[in-house]
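In what follows, a structure is listed as structure tokens, so that the remarks can point back to it.
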Amino acid sequence: MKQKITRRRFLAEAGVAAATFPFVSSIFTSATDDTLVLWYDKPASEWTEALPVGNGRLGAMIFGGPASEQIQLNEDTLYAGSPYDPNNPEALKALPEARRLIFAGKYKEANDLIGAKMMAQPIKQMPYEPLGDLRLLFPDHDNVTNYRRQLDLDSAIATTTYSAGATNFTREIFASPVDQVIVVGLIADRRGKLNFVATFETPQKATVSTEGQDTLVLSGVNGDSSGIKGGLKFEARVLVQVQGGQTRAEKEKIVVSNAYSALLFVAAATSYRSYKDTSGDPTAIVSEQLKLVSQKTFFSLRAAHIQEHQRLFHRVKLNLGRTAAADLPTDQRPEQFLKGLDPQLATLYFQYGRYLLISSSRPGSQPANLQGIWNPSMTPPWESKYTININTEMNYWPAETTNLSECHEPLLRMVSELVENGARTARVHYGARGWVCHHNTDLWRQTAPIDGPLWGFWPTGGAWLCTHLWHHYEFTGDKTFLAKAYPVMKGAAEFFLDTLVPEPRRHWLVTCPSLSPENKHPANVAVCAGPTMDVQIIHDLFDQCFRAAEILGIDTDFSTKLLEVLGHMPPMQIGKAGQLQEWLDDWDLEAPERQHRHVSHLYGLFPSNQITSRGTPDVFAAARKSLELRGDVGTGWSLAWKINLWARLRDGDRAYSLLQKALSPVYAKEFRGGGGVYRNLFDAHPPFQIDGNFGVTSGVVEMLLQSHADEIELLPALPGAWPNGFVSGLRARGGFEVDIEWQNGALNRATIKSITGTTCHVRYQEKVVRLNLRRGATATLNPQLRIL
Ligand code: FUC
């Protein structure tokens with residue numbers, strides 16, 4: 003049951019404490035919209051039940067145990083290893099033979115040669131690692147009543163409340179992007195009742211010590227991995243301040259006794275300065291951070307945190323209706339959603355995606371990796387790094403559309419940081435100019451092919467990332483940004499100018515060796531020449547370079563050359579089942595895994611805009627056929643991609659049925675594999691992978707608003723399940739902010755605000771209107787698209 007603690011009742015019960023300690027009175031003041039709350043009536047019993055907070059750089063998973071609180075900590079530069087060079091000097095010699103074998107149809111032999119001679123050394127990249135856990139042990143809190151824990155997406159604060167004996171306890175935890183610390187506020191409503199012991203536990207090579215009577219220190223070095231020595235120092239510190247009691251240091255512990263309230267400030271840093279510099283001083287960084295926050299009050303830290311979070315979070319509102327099911331504990335809601343009884347869960351999940359992006363990716367931080375920033379394991383799945391054959395890009399699909407353009411910055415910066423190592427890989431592995439990145443990268447911005455030929459021998463990852471540079475420009479119109487991004491895009495294009503080769507049958511210019519990500523063709527290997535996805539990605543890269551050069555008024559010869567080369571690349575081909583071919587050959591029906599999770603050849607439909615109903619109707623129909631053939635089964639991110647694809651195909655009901663799959667509870671007994679959510683609404687590949695969270699958030703946008711076909715299209719794929727609703731603050735290409743209200747399944751009203759002062763076309767079904775708005779001007783349209 004939901005515990006009803008009103009502020010008045012809490013303050014009455016808190017008595018003296020409330021009057022004495024400023025932060026007590028703040029606890030229930032920002033009573034927020036409880037529809038954006040994840041809440042539970044039990045503590046987390048495993049990691050995927052714990053609740054995430056983060057400030058882009060520091061992350062914490064909060065378990066909320068009354069007697070034993072576990073706050074699992076991450077810092078986004080704590081990866082294994084140190085700067086390293088995995089490029090393989092043998093690779094280039096083998097390249098001509100690999101190409102010859104592929105063009106001769108000897109795919110298995112090519113696969114074996116690539117595996118033996120052309121992969122990175124080591125063949126794995128470096129894993130993302132946890133810092134460890136801050137543990138708070140409370141004596142006599144085993145039998146508690148009135149328990150509730152929650153994560154309020156609106157304030158980005160995790161709160162646990164319960165009563166032990168006659169005392170009510172409250173914990174508030176947030177990761178402040180302003181003050182760069184995690185703040186833990188603990189309060190009892192009776193004098194002297196707050197007693198606990200704070201300590202660190204860690205799987206790292208580290209020591210725990212104390213400083214003075216109030217500071218816990220964890221310091222260590224990161225792990226070695228695949229023969230690469232750890233080269234990072236790290237440090238985490240917890241400063242404990244109490245009111246009305248004492249702190250004292252014991253070996254590896256801070257003991258708090260007889261307090262009313264306590265504040266714990268958690269700071270953490272590593273010596274990472276860049277992908278090639280590990281000379282930072284984590285002790286100096288965390289000491290300075292703690293010195294600054296220790297002079298501030300809880301109230302001011304909390305208020306600054308909320309304000310900064312809401313600056314981003316409040317930009318988009320979504321309402322799809324609400325029923326009583328929204329009052330249930332969060333982990334009971336997916337089941338209701340599947341029965342069609344809880345439409346608000348889609349809103350919560352959509353906004354959770356925005357919350358998670360704000361919390362794991364802020365200007366200056368590392369980009370969100372496979373798990374955002376939340377990872378408890380020294381050997382996480384797929385190293386919890388950056389898989390760029392879908393996963394990392396998916397993380398950022400909602401960044402521009404849901405008005406979080408700033409949160410895109412870490413990814414955009416990473417693309418430029420790949421250029422140096424990517425140029426070495428281009429030179430060493432291909433004898434080519436420009437730069438290349440294969441299907442993964444890590445903290446050290448490595449770019450060579452890893453894992454093995456089935457996964458890693460794909461040269462188009464860096465090029466896909468470059469399309470994000472262009473998208474950022476499309477949404478913001480920021481020419482200064484474009485001027486800085488252009489050389490990065492150009493370098494990626496140069497690599498392909500040097501490495502595209504004519505295939506023997508039709509002399510089309512193709513990538514070779516390459517693969518259609520992770521999908522085997524009839525020879526039971528993946529390596530091949532000119533998979534459709536490569537053609538589509540290179541098409542975007544070249545086209546976007548051309549347009550950028552034109553906008554910037556530079557490089558005409560180079561960009562004209564790109565268009566000329568594009569003219570010699572393969573067209574998108576329709577195969578014997580009427581499908582869009584995944585490969586140069588019509589292999590789709592003979593491929594061993596016809597329901598493979600990757601739908602790479604549909605890149606052209608989404609996230610790209612090469613396939614549209616009006617521009618390329620035949621290929622559009624073929625793409626639909628391909629998606630039908632693939633079926634609706636998939637991992638978490640695969641389902642999320644399909645939501646976006648069905649939305650682009652304008653089939654809202656099909657997109658919605660995929661959304662229902664994506665929100666299935668993987669913890670339910672009757673659950674049958676493939677995508678879904680954990681109790682904390684983290685997306686399940688399974689295991690946990692955050693891309694599905696972000697991909698669904700993007701998919702909901704694509705159902706309500708699209709802007710890829712030189713038009714802003716309102717409600718392109720509205721499902722029957724959402725007859726009434728509104729959304730505000732979404733962004734469209736060209737620099738527009740869009741609000742839409744609908745009733746009985748039809749548009750009621752839309753408001754378009756121009757951010758950059760460019761013209762646009764707005765479409766609703768068959769009606770189109772041209773708007774010519776000045777910068778900052780707004781137009782409100784009725785269902786006939788007449789300006790009101
Ligand atoms: C790709 C996918 C896997 C997984 C991994 C991180 O290789 O094929 O399903 O998501 O990335």
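Quick note on our numbering: the sequence shown kicks off at 3 and runs consecutively.
Glycine is no exception: its CB is placed at the ideal position from the N, C-alpha and C atoms.
Bear in mind the structure is a predicted one, so any value in this text is a computation, not a measurement.
Between ligand 1 and N393, a heavy atom-to-CB distance of less than 6 angstroms is present. Judged by beta-carbon spacing, I184 lies within the 7 angstroms limit of A62, meaning their Cβ atoms are closer than that value. Using a Cβ distance threshold of 7 angstroms, M396 and G697 count as a contacting pair. Inclusion of T389 in the 6 angstroms shell around ligand 1 follows from its C-beta lying nearer than that to a non-hydrogen atom of the ligand.
With a contact defined as Cβ atoms closer than 8 angstroms, R776 and S756 qualify at about 7 angstroms. The continuous beta strand (DSSP E) containing I64 extends over residues 60-64. By the CB criterion at 7 angstroms, F608 and R674 fall outside the cutoff. Annotation: K207 is outside any alpha helix (DSSP H); the continuous beta strand (DSSP E) that includes it extends over 207-213. Non-local C-beta neighbours of M491 in its own chain, meaning closer than 8 angstroms and more than five positions away in sequence, comprise C468, L471, W472, L543, Q546, C547, A550, ordered along the chain. When the five nearest sequence neighbours on each side are left out, the beta carbons in the same chain lying within less than 7 angstroms of the beta carbon of R656 are those of W648, in order along the chain.
When only Cα atoms are considered, F738 and L707 end up about 12 angstroms apart. Assigned with DSSP and collapsed to three states, Q309 falls in helix.
T780: member of the beta strand (DSSP E) spanning 780-783, first to last residue. Taking C-beta separations shorter than 6 angstroms and ignoring five residues to either side along the sequence, the partners of A166 in its chain run H143, V146, following chain order.
The DSSP-derived three-state label of C530 is strand.
Shortest gap from the CB of T637 to any heavy atom of ligand 1: under 6 angstroms.
Look at F728 here: in three-state DSSP terms it is strand. Rounded to the nearest whole angstrom, the CA to CA distance from F459 to T760 is 42 angstroms.
A direct Cα-to-Cα measurement between L582 and T325 gives close to 42 angstroms.
For E402, the closest alpha carbon among the candidates T280, I645, A177, V740 is that of V740.
Comparing alpha-carbon positions, the option among W639, K95, R765, V770 lying closest to Q373 turns out to be W639. Put simply, the backbone Cα of E419 is about 48 angstroms away from that of A190.
Counting the other Cβ atoms within 10 Å of the Cβ of G134 gives 16 or more, which makes it buried.
At a Cβ-Cβ threshold of 7 angstroms, T272 and P284 count as neighbours. Taking the Cβ of W384 as the reference point, at least one heavy atom of ligand 1 falls within a distance shorter than 6 angstroms. C439 carries a coil assignment under DSSP once its states are collapsed to helix, strand and coil. Distances between the C-beta of E520 and the heavy atoms of ligand 1 include at least one below 6 angstroms. Counting C-beta pairs closer than 8 angstroms gives fewer than three between the region 341-352 and the region 385-395, which falls short of the contact rule. Our two residues, W589 and F684, have alpha carbons roughly 36 angstroms apart in a direct line. Three or more beta-carbon pairs drawn from the region 584-602 and the region 512-525 are found closer than 8 angstroms, and the two stretches are therefore classed as touching. Annotated three-state conformation of D216 is coil, per DSSP. The C-alpha of N321 lies about 13 angstroms from the C-alpha of L732. In the DSSP annotation of this structure, T161 is not part of any alpha helix (DSSP H); the continuous beta strand (DSSP E) holding it starts and ends at 159-166. For R313, the closest alpha carbon among the candidates R364, P721, K663 is that of R364. Contact between N113 and H431 fails: their C-beta atoms lie close to 17 angstroms from each other, not under 8 angstroms. Separation of Q745 and P725 (C-alpha to C-alpha, rounded to the nearest whole angstrom) is 6 angstroms.
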